[in-house]
Structure formats: structure tokens, C-alpha cells
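Residue numbering for the sequence shown is 360 to 507, as defined by our numbering.
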Amino acid sequence: MSFFNSVNIAASGLTAQRLRMDTIAENIANVNTTRTADGGPFQRRTVIFEQIPREGPFHRVFGDRLSSYQGEGVRVSHVLNDPSPGHLVYDPTHPDADDAGYVRMPNVNIVEEMVNMISASRSYEANITAMTSFRGIVSRTLEIGRGQ
């Protein structure tokens, strides 16, 4: 692992968590959207992460035997629509109500989204802390190198 891999790994985490927070914010913003371009209610979206595989000549030769460290960070694999159905609300005056007066609402649970937002925010903060710690280590190393 090179000296600057820790910054690259934390930066990949920051990027992935930022997209996760943006997706959660979109879910929250559409909690009452009953009609989309597809014609139905908004479908909640979730972000799927995957490990960035470790590459390099030694890893290709030795594979998992080289070290217990396996990756170079994280990235967003894809963003999926949650297929679960939304709940029905009785509102015969709503323009999207069916013949019985029920409106199919999005499958977004605001409490679940807020918990996910807190989790993504904490993960983002952890990556910032890792980068800040690395900056402190580099700064201290440079001070030692100058003889102070």
C-alpha cells in the first residue's frame, strides 16, 4: 500500500457517501410525489456500494496472500429503485385517485430515510476525519524531517 492510498480510499468514501446523501435527499423530497414521468408514484432509490479491487503487479501474482488488505476504496456500483409498493391513502379529491378514491403514495418512509441520512453523514464525517489524521501525520513527518 503506497503512502497516499489512505487519502485515495477516504476520498472514494467521501464521493460514495455524498451520492448516497444526495439520493436520500431526493427520496425525502419526493415523499409526496404521486405521479412521475413513468406514470406511477415515485419509487424510493437506494445506493449500492462495491469495493474497488486492488490492482498492481504483485496483487495479480500473489492475490490474497500478499496481505489481508483487499481493496483500494469504495465506489457506487449502481442506484436501484426499491420495488416495494407504496401505501394507499383515501383522498377522492386527489387528481391521481383511483375509482375507489385511493391514491398510491411513494414507498418512502421518512423515518427510515432520516436514519439513513444520519448514517451517511456519520460515514462522511469518518472519511473526513481519516483525511485530517493523514494530513496531521504528513505534517508531523515533514516537521521531523526538517529537524524540529
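Note that beta-carbon positions come from the ideal geometry of N, C-alpha and C, so glycine has one too.
It should be emphasised that the depicted structure is a prediction, and the values quoted were computed from it without experimental measurement.
C-alpha distance - residue i paired with residue j, whole-angstrom precision
{"i": "Ala370", "j": "Phe363", "result": "11 Å"}
{"i": "Ser470", "j": "Pro400", "result": "In the sequence on display, residue 470 carries Val and not Ser. If I take the Cα positions, the gap works out to 19 Å."}
{"i": "Ser498", "j": "Ser492", "result": "10 Å"}
{"i": "Thr500", "j": "Ser365", "result": "16 Å"}
{"i": "Glu431", "j": "Asp397", "result": "38 Å"}
{"i": "Glu409", "j": "Glu502", "result": "37 Å"}
{"i": "Glu472", "j": "Ala388", "result": "11 Å"}
{"i": "Pro444", "j": "His453", "result": "19 Å"}
{"i": "Arg494", "j": "Glu484", "result": "15 Å"}
{"i": "Ile496", "j": "His446", "result": "52 Å"}
For residue i: DSSP bridge partner residues
{"i": "Ile407", "result": "His437"}
{"i": "Tyr449", "result": "Tyr461"}
Cut-off 6 Å between Cβ atoms - residues of its own chain near residue i, not counting five sequence neighbours on either side
{"i": "Val467", "result": "Asn386, Val390 and Arg403"}
{"i": "Met380", "result": "Ala479"}
{"i": "Asp455", "result": "Thr393, Arg394 and Val462"}
{"i": "Ser482", "result": "Gln376"}
{"i": "Ser436", "result": "Ile407 and Glu409"}
Sub-9 Å separation of residue i and residue j beta-carbons
{"i": "Val462", "j": "Asp450", "result": "yes"}
{"i": "Asp458", "j": "Thr405", "result": "no"}
{"i": "Val474", "j": "Met464", "result": "no"}
{"i": "Ile368", "j": "Ala489", "result": "yes"}
{"i": "Ile487", "j": "Leu373", "result": "yes"}
Proximal residues to residue i (C-beta, below 8 Å), its chain only, five neighbours per side dropped
{"i": "Ile411", "result": "Ser371, Gly430, Glu431, Gly432, Val433 and Arg434"}
{"i": "Gly510", "result": "Lying outside 360 to 507, the shown extent of the chain, residue 510 is not represented and no answer is given."}
{"i": "Gly460", "result": "Tyr449, Asp450 and Pro451"}
Same chain, Cβ closer than 7 Å to residue i, neighbours up to 5 away in sequence not counted
{"i": "Met476", "result": "Met380 and Ile383"}
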